[in-house]
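Asks: Sequence order for the protein chains is A and B. Residue 1 is where the first sequence starts when you use this note's numbering, and the numbers rise one by one after that. Residue 245 is where the second sequence starts when you use this note's numbering, and the numbers rise one by one after that.
Number of protein chains: 2
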Amino acid sequence: MMGRIICVGLGPGDPDLMSVKADRLVRGAAHVAYFRKAGRPGQARRIVSGMLREDAIEHAMEYPVTTEIAFDSADYNAILASFYDEWTRRLADLAVSHEVIVLCEGDPFFYGSFMHLHTRLQGLCEVEVVPGITGMTGCWHATGVPITWGDDVLSVLMGTLPEEDLVGHMRKAHALAIMKTGRNLPKVRRALAAAGRLDEAWLVERGTMPGQRVIRLADTDLDDCPYFAIVLVHGQGRRPEAAE
Amino acid sequence: MMGRIICVGLGPGDPDLMSVKADRLVRGAAHVAYFRKAGRPGQARRIVSGMLREDAIEHAMEYPVTTEIAFDSADYNAILASFYDEWTRRLADLAVSHEVIVLCEGDPFFYGSFMHLHTRLQGLCEVEVVPGITGMTGCWHATGVPITWGDDVLSVLMGTLPEEDLVGHMRKAHALAIMKTGRNLPKVRRALAAAGRLDEAWLVERGTMPGQRVIRLADTDLDDCPYFAIVLVHGQGRRPEAAE
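1. Could you tell me which chain A residues have their CB closer than 9 Å to the CB of Ser399(B), listed as they occur along the chain?
2. Which one or two residues does DSSP pair with Met305(B) in a beta bridge?
3. Using a Cβ-Cβ cut-off of less than 9 Å, list which residues of the segment 359-370 of chain B approach chain A; keep chain order.
4. Mind listing which residues of the segment 38-66 of chain A have their C-beta closer than 9 Å to chain B's C-betas, in chain order?
5. Does the beta-carbon of Gln366(B) have 16 or more other beta-carbons within 10 angstroms, so that it is buried, or is it exposed?
6. Which one or two residues does DSSP pair with Ser155(A) in a beta bridge?
7. Ordered along the chain, which non-local residues of its own chain (more than five positions away) have a Cβ less than 7 Å from that of Leu161(A)?
8. Quick one: is Gly182(A) near chain B, going by C-beta distance under 8 Å?
9. Using a cut-off of 9 Å between C-beta atoms, extract the partners of Asp467(B) located in chain A.
10. How would you label Ser73(A), buried or exposed, when you count the other beta carbons within 10 angstroms and need 16 or more for buried?
11. In chain B, what lies closer than 7 Å to Met2(A) by C-beta?
12. Just to confirm the assignment, what range does the beta strand (DSSP E) spanning Leu222(A) have?
13. Straight-line CA distance for Pro484(B) to His234(A)?
14. Along the segment 17-40 of chain A, what residues have a CB closer than 9 Å to any CB found in chain B?
15. Taking just the CA atoms, how far does Leu154(A) sit from Asp165(A)?
16. Taking the continuous alpha helix (DSSP H) assigned at Val264(B), which residues delimit it?
17. What first and last residue would you give for the alpha helix (DSSP H) that runs through Glu231(B)?
18. Quick one: what's Ala229(A) bridged to in DSSP?
19. Compute the beta-carbon to beta-carbon distance between Leu103(A) and Val32(A), rounded to the nearest angstrom, for a pair I have assumed lies under 8 Å.
20. According to the Cβ coordinates, are Glu200(A) and Ile6(A) closer than 8 Å?
21. Tell me where the alpha helix (DSSP H) around Arg53(A) begins and ends.
22. What do you reckon, are the CB atoms on Leu261(B) and Pro131(A) nearer than 8 Å?
23. Look at the alpha carbon of Pro98(A) and the alpha carbon of Thr88(A), and state the distance between them as a whole number of angstroms.
24. With 8 Å as the threshold, decide whether the Cβ of Asp107(A) is near any Cβ in chain B.
25. Compare the C-beta of Trp331(B) with all C-beta atoms of chain A and state if any pair is closer than 8 Å.
26. Is the separation between the beta-carbon of Gly451(B) and that of Ile474(B) shorter than 8 Å?
27. Select from the segment 382-393 of chain B all residues with a C-beta closer than 7 Å to any C-beta belonging to chain A, and list them in chain order.
28. Please state whether DSSP places Thr492(B) in a helix, a strand or coil.
29. Taking the alpha carbon of Pro308(B) as the reference point, which residue from Gly294(B), Arg271(B), Phe327(B), Ala435(B) has its own alpha carbon closest?
30. For Gly138(A), which of helix, strand or coil comes out of DSSP?
31. How would you call Glu407(B), buried or exposed, if buried means at least 16 neighbouring beta carbons within 10 angstroms?
32. Based on the DSSP secondary-structure assignment, which residues constitute the bridge partners of Leu347(B)?
33. At a Cβ threshold of 8 Å, is Leu176(A) touching chain E?
34. Using beta carbons (cut-off 8 Å, strictly below), is Phe110(A) in contact with chain B?
35. What's the call for Met61(A), buried or exposed, on a 16-neighbour Cβ count within 10 Å?
36. Run the CB neighbour count on Val252(B), radius 10 Å, all protein chains shown included, and call it buried at 16 or more, exposed below.
Below is the structure:
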């Protein structure tokens, strides 16, 4: 018997937006693995709530640290690397004789944590990855307005970037999606203001999920910024206007 | 009886990558509308091949022009605007008493043609839009390599942009997705070379579809560049490396 690992993109949060393939794999899974912060239910696990087989065996991959240590420190790097090494071994061992479904929010190849296992698993066992709708796509749908038109340039930025880099990209692109906001939200707001884009910016929390909230970033209380929020600026590119 | 229009994102091409919601709406649809070039089957219609009800009524919205007239000319604008105006009227009339499913490749709010109907339909009838996996997501999965890591900046560019604009964005971003290549492919290749990124660039044709092809852009025969091709440059951002 030959097993394998299949990482399944779950999409932005609404289970109805999972792909047909992801839905089938999740419902049929005997072994399910997912990342989460220790002590939390985990967003990926929450999305598949009510979908798993009763006899499914769950493997919660709990991050040893998240924001307690500076992300660019040597300690953080070493701790995370050994965490990924350890789960690579455990999943590869399971995959000798089992099929393991790894759950991943959004799309696994777009800033996803699974990529750290994906690179390590090469050559150890068969690995397949199923695309998903990205979280930012769910968020721009939450605004009810298209994100890009015609020749618009869309830049995807992380709130963790240096402020001057953010300003530079915000000035050059037409449409913007800014992720990893959270504690970086005050910096992101200052950068948008410096780039002259703050009045066009929206903050979207929990896009496509219960409790979805869409507000102008300029009106946001900066003391209240959840991690699962994305800032969007819509492109206004070329479109054929009605003649009359 | 009150109808409505639901635009459904079909994803990158593989019907198994359609969302559960899109799959259900497409299979149940009594009225189905989709854009296509006159005389062609159309990519959206091809994706749902074998899925439609036998009694489904099809509305092929055939573009009056595509590439025969310069896209920035007043004529092109006027012809397309009246085409969208006409289909807005026809779909809104249908939606008085019917539910109409509009098919859209990829994600409808990401450079999708439906947006031109979406803006015109506001206030005329109920309109819902269902997100889909973008074509570029399908293409980066075709390469088997994650597109973005850590703090990578991803810029999405159109091959129709001026060459100097392309070069500027290609220099600043870590990861790139370049769409609307086709006849612009020689320009895109020159711009990537000028930005020092050509050796990292991949051309992906028909991502997730039969006949999928992934080749280094530097090795591509420029006389053979289909419209449904996307050029990708992968980000190489921060990741915790194995300690040993």
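All C-beta atoms, glycine included, are put in the ideal place defined by N, C-alpha and C.
Replies: Checking against the coordinates, here is how it stands:
1. Within 9 Å Cβ-Cβ: Val153, Leu154, Ser155, Val156, His169, Lys172, Ala173.
2. Met305(B) pairs with Phe279(B).
3. Per Cβ criterion, the list reads Met359, His360, His362, Thr363, Arg364.
4. Taking 9 Å as the upper bound on Cβ-Cβ separation, chain B lies near no residue of the segment 38-66 of chain A.
5. Only exposed fits Gln366(B), as fewer than 16 other CB atoms lie within 10 angstroms of its CB.
6. Note: Ser155(A) sits in a beta bridge opposite Leu176(A), Ser399(B).
7. Spatial neighbours of Leu161(A) in its own chain (CB-CB distance under 7 Å, excluding positions within 5 residues in sequence) are not present.
8. So no, Gly182(A) is outside the interface.
9. Those do not exist, as Asp467(B) stays about 25 Å from chain A at its closest Cβ, beyond 9 Å.
10. Exposed, by the Cβ-count rule.
11. Going along chain B, no residue has its Cβ under 7 Å from Met2(A), so there is no contact; the nearest lies around 20 Å.
12. For Leu222(A), there is no enclosing beta strand (DSSP E), as DSSP marks it with neither H nor E.
13. Each residue's Cα considered, the two are about 33 Å apart.
14. Taking a C-beta cut-off of 9 Å against chain B, the contacting residues of the segment 17-40 of chain A are Leu17, Met18, Ser19, Val20, Lys21, Ala22, Asp23, Arg24, listed in chain order.
15. A direct Cα-to-Cα measurement between Asp165(A) and Leu154(A) gives close to 16 Å.
16. Here the alpha helix (DSSP H) through Val264(B) covers 264-272.
17. Outside the shown range of chain B (245 to 488) lies residue 231(B), about which nothing can therefore be said.
18. When beta bridges are read from the DSSP output, Ala229(A) appears opposite Glu205(A).
19. Contact holds; Cβ gap of about 6 Å.
20. The Cβ atoms of Glu200(A) and Ile6(A) do not sit closer than 8 Å to each other.
21. In the DSSP assignment, Arg53(A) falls outside any alpha helix (DSSP H), carrying neither H nor E.
22. Contact check for Leu261(B) against Pro131(A) passes: the beta carbons are separated by less than 8 Å.
23. Correcting the residue identity first, residue 98(A) is His in this sequence and not Pro. Rounded to whole angstroms, the separation of the alpha carbons of Thr88(A) and His98(A) is 15 Å.
24. At least one chain B Cβ lies under 8 Å of Asp107(A).
25. By this cut-off, Trp331(B) is not an interface position.
26. In contact: Gly451(B) and Ile474(B) (Cβ atoms closer than 8 Å).
27. For the segment 382-393 of chain B, which is checked against every Cβ of chain A, the residues closer than 7 Å are Gly382, Trp384, His385, Pro390, Ile391, Thr392, Trp393.
28. Since the displayed chain B opens at 245 and closes at 488, residue 492(B) lies outside it and no answer follows.
29. Taking only the C-alpha atoms, the option nearest Pro308(B) is Phe327(B).
30. Residue state, collapsed to three classes: helix.
31. Taking all protein chains in view, the Cβ of Glu407(B) is surrounded by fewer than 16 other Cβ atoms within 10 Å, so the residue is classified as exposed.
32. Answer is Val252(B), Tyr278(B), bridged to Leu347(B).
33. The structure shown contains no chain E; its protein chains are A and B.
34. Output row for Phe110(A): interface = yes.
35. Around the CB of Met61(A), 16 or more other CB atoms lie within 10 Å, so the residue is classed as buried.
36. Taking every protein chain shown into account, the CB of Val252(B) has 16 or more other CB atoms within 10 angstroms, so this residue is buried.
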